[in-house]
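Asker: One structure, pasted below without further comment.
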Amino acid sequence: EAALQVVENATVSGDLSQVRDIETIAKELKWPEVLLKASKASNYLTMFQALQAAAAKDSVDSLSVMKTIQQRAHAEGYTDIAALAATSMEEVAGRVGARMGLPAEWDVVLELAG
Numbered sequence: 025e026a027a028l029q030v031v032e033n034a035t036v037s038g039d040l041s042q043v044r045d046i047e048t049i050a051k052e053l054k055w056p057e058v059l060l061k062a063s064k065a066s067n068y069l070t071m072f073q074a075l076q077a078a079a080a081k082d083s084v085d086s087l088s089v090m091k092t093i094q095q096r097a098h099a100e101g102y103t104d105i106a107a108l109a110a111t112s113m114e115e116v117a118g119r120v121g122a123r124m125g126l127p128a129e130w131d132v133v134l135e136l137a138g
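Here this note's numbering = 1-based position in the sequence shown + 24.
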């Protein structure tokens, strides 16, 4: 179906706005298959964008946000986002720890994030 392909293309391009528009249309037109795919794509892209925003903040607070995203992504089966969150947390924790003057091998910053 063409609508499913549009959802796929919007997801690949990271166009959350288009995915949400399709989700709304699918809901109105009662297209359950398209609605399900668009809802999952919307959830996926929202998590991915939230992870990017949290990583860009480069703070202890953003680490706890990334941890929450990692846990939710894992629960939803989005292993790529969960893995990216883990890597991003390590990178941000390293930079935050360095700014605090902590040795690289200390996991204090990640522990603070929970």
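For glycine and all other residues, C-beta sits at the position ideal for the given N, C-alpha and C.
(1) What three-state label does DSSP hand residue 126 in the structure shown?
(2) How many angstroms separate the CA atom of residue 68 from the CA atom of residue 102?
(3) With 16 other CB atoms within 10 Å as the buried threshold, where does residue 115 fall?
(4) Spatial neighbours of residue 46 within its chain, please: CB distance less than 8 Å, with the 5 preceding and 5 following residues excluded, ordered by chain position.
(5) Looking at residue 87: is its Cβ nearer than 8 Å to the Cβ of residue 109?
(6) Per DSSP, what kind of secondary structure is residue 25 in: helix, strand or coil?
Answerer: Per the coordinate set shown:
(1) Taking the sequence shown and counting its residues from 1, one reaches residue 126 at position 102. Three-state result, residue 126: coil.
(2) Looking up residue 68 in the sequence shown gives position 44. Looking up residue 102 in the sequence shown gives position 78. Between the C-alpha atoms of residue 68 and residue 102 there is a straight-line separation of about 7 Å.
(3) Residue numbering aside, residue 115 sits at position 91 when the sequence shown is read from its first letter. So residue 115 counts as exposed.
(4) Within the sequence shown, numbered from 1, the residue matching residue 46 stands at position 22. Excluding sequence positions up to five before and after residue 46, its CB lies within less than 8 Å of the CB of 27, 30, 31, 34, 58, 62, all in the same chain and listed in chain order.
(5) Taking the sequence shown and counting its residues from 1, one reaches residue 87 at position 63. Taking the sequence shown and counting its residues from 1, one reaches residue 109 at position 85. Going by C-beta atoms, residue 87 is not nearer than 8 Å to residue 109.
(6) Counted from its first residue, the sequence shown places residue 25 at position 1. Three-state DSSP puts residue 25 in coil, outside helix and strand.
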